[in-house]
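To start, the structure under review is shown below, and the notes come after it.
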Ligand code: SF4
Ligand code: SF4
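Numbering (the working numbering), first residue to last: 0 to 446.
So, in structure tokens, the structure goes:
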């Protein structure tokens with residue numbers, strides 16, 4: 000049988016030679032230019048087609064997807080598997096907003112704090128919906144979002160304990176995560192969340208060193224928040240829950256851009272060598288009156304983050320996602336993902352609550368989901384149908400041409416030019432992520 004190179008290979012040069020990454024399988028290997036077999040491999044790799052016997056490394060490259068049988072049509076295989084993922088009812092992801100209220104008034108926040116805490120009737124409705132959903136799935140996840148979700152901690156407790164019991168009973172994988180400002184995450188509540196609610200992933204935003212953070216992320220009633228959040232993080236870092244992941248996110252605009260390296264050192268002091276900690280910085284994209292970074296500055300921030308994390312021995316969060324198949328697709332593009340508002344309104348996207356097309360349905364008090372399929376389908380329609388660029392793209396299996404369906408929907412609504420796909424910012428940096436990725440033993444040893 001003859002073989003060809005996968006169209007999903009990405010090659011990135013480094014000091015040792017190069018790294019080869021495949022976006023369909025997520026495999027990375029190091030091709031060491033000092034290896035005695037390297038020159039013969041370079042010769043063999045120049046061919047358009049190979050036999051496995053052409054080089055001793057080729058069998059391993061086949062196993063990891065870097066070469067594929069010549070007759071394989073990778074694009075149609077990809078489309079078939081994406082289509083089947085969207086149609087197969089084997090997983091369900093809910094983003095639940097226990098409340099839209101928030102205890103902070105951050106300078107760049109886009110939320111309007113309208114809806115109060117989810118009432119008991121709606122909590123019961125959601126529990127019924129979860130009970131029906133877990134009957135047909137193998138994996139179930141809830142992400143708690145707000146507002147500040149911990150203002151609705153009783154809602155989280157009620158729904159989580161119910162879901163933990165249901166999924167345990169049926170031996171279904173249940174993953175739970177939260178995006179919180181961290182202010183209310185006291186040590187006792189954190190311990191309860193991990194042990195009783197199965198909450199294992201926490202994303203906490205801190206906007207730099209104390210002076211900057213306390214100017215930007217203030218309490219609703221006024222007043223600083225930095226010291227309390229840091230003390231909660233210290234408890235997290237000292238905890239010994241093995242399967243915990245905590246992510247420290249810094250929102251950056253011109254005001255705090257220069258403080259990123261200093262803040263990385265503060266983070267390092269807190270987390271030490273804890274492998275469960277992640278750090279990342281993202282440009283603010285909230286209120287337009289903030290002093291937002293330009294596209295060029297955002298890109299150089301992403302590159303700078305790779306260096307800063309390396310220098311400080313911190314693990315960069317983004318790179319985990321962007322080197323995994325499907326990891327760069329927005330949840331809004333997933334046919335099995337819904338956002339549940341406190342009043343049971345169903346959305347797809349968490350940053351466009353006022354967009355009519357984002358109100359895709361309603362959870363009824365009986366626990367049934369009524370969807371507006373015309374709107375719902377706008378979010379999950381594969382971009383590959385519309386954009387030939389996506390069908391040719393080397394990172395299609397990561398992005399699934401679903402980086403941000405909202406932008407596409409808004410372009411249609413405003414009759415704007417939609418001839419180009421909405422590419423993710425990380426597309427330009429994928430080689431940097433490949434070069435800096437920690438290669439797992441199994442891939443390093445693949446040859
Ligand atoms: S949106 Fe851009 S990065 Fe994503 S698959 Fe399409 S061309 Fe590739
Ligand atoms: S659709 Fe776009 S704006 Fe909405 S959550 Fe996804 S990436 Fe964010």
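Backbone N, C-alpha and C fix where the C-beta goes; we use that ideal spot for every residue, glycine too.
*Any alpha helix (DSSP H) of 4 or more consecutive residues that is wholly inside the segment 124 to 170*: 152 to 168
*Would you check whether ligand 1 has a heavy atom nearer than 8 Å to the C-beta of residue 395?*
yes
*Among residues of its own chain, excluding the 5 on either side of residue 266, which ones have a beta-carbon nearer than 7 Å to its beta-carbon?*
247, 278, 313
*How would you write the range of the alpha helix (DSSP H) that residue 79 sits in, first residue to last?*
73 to 86
*Can you tell which of 435, 148, 35 has its C-alpha closest to the C-alpha of residue 303?*
435
*asked:* Between the alpha carbons of residue 409 and residue 158, how many angstroms are there, rounded?
replied: For residue 409 and residue 158, the distance between alpha carbons rounds to 34 Å.
*asked:* Following a CB-centred definition, is residue 421 positioned closer than 8 Å to any heavy atom of ligand 1?
replied: yes
*Top-ranked residue by Cα proximity to residue 342, from 119, 184, 373, 429*: 119
*How would you label residue 57, buried or exposed, when you count the other beta carbons within 10 angstroms and need 16 or more for buried?*
buried
*Please confirm if residue 311 has its CB atom under 9 Å from at least one CB of chain D.*
Absent here is chain D; the protein component of the structure consists of one chain.
*Take residue 443 and list the residues in its own chain whose beta-carbon comes closer than 6 Å to its own, dropping the five residues that flank it on each side.*
Low confidence applies to residue 443: its pLDDT is 41, below 50, so where it sits in the model is not reliable, and the reading given next is rough at best. Once the five neighbours on either side are set aside, residue 443 has no close Cβ partner at all.
*Under 9 Å between the Cβ atoms of residue 212 and residue 327?*
no
*For the segment 0 to 71, list the beta strand (DSSP E) runs that are entirely contained and at least 3 residues long, ordered along the chain.*
Listed in chain order, the beta strand (DSSP E) runs fully inside the segment 0 to 71 are 2 to 4, 8 to 13, 16 to 21, 27 to 31, 66 to 68, counting runs of at least 3 residues.
*asked:* Taking 9 Å as the threshold (C-beta atoms), are residue 404 and residue 378 in contact?
replied: yes
*Which one or two residues does DSSP pair with residue 121 in a beta bridge?*
None; residue 121 has no bridge partner.
*How far does the alpha helix (DSSP H) with residue 265 in it reach, from first residue to last?*
259 to 270
_Assuming residue 429 and residue 9 are in contact, meaning their beta carbons sit under 8 Å apart, how far apart are those beta carbons, in whole angstroms?_
6 Å
*Rank 393, 133, 146, 77 by C-alpha distance to the C-alpha of residue 100 and give the top, closest one.*
146
*Spell out a yes or no on whether the segment 159 to 168 and the segment 133 to 141 are touching, meaning 3 or more CB-CB pairs, one atom from each, closer than 8 Å.*
yes
*What does a CB cutoff of less than 6 Å around residue 390 pick up in its chain, not counting 5 residues either side in sequence?*
74, 383
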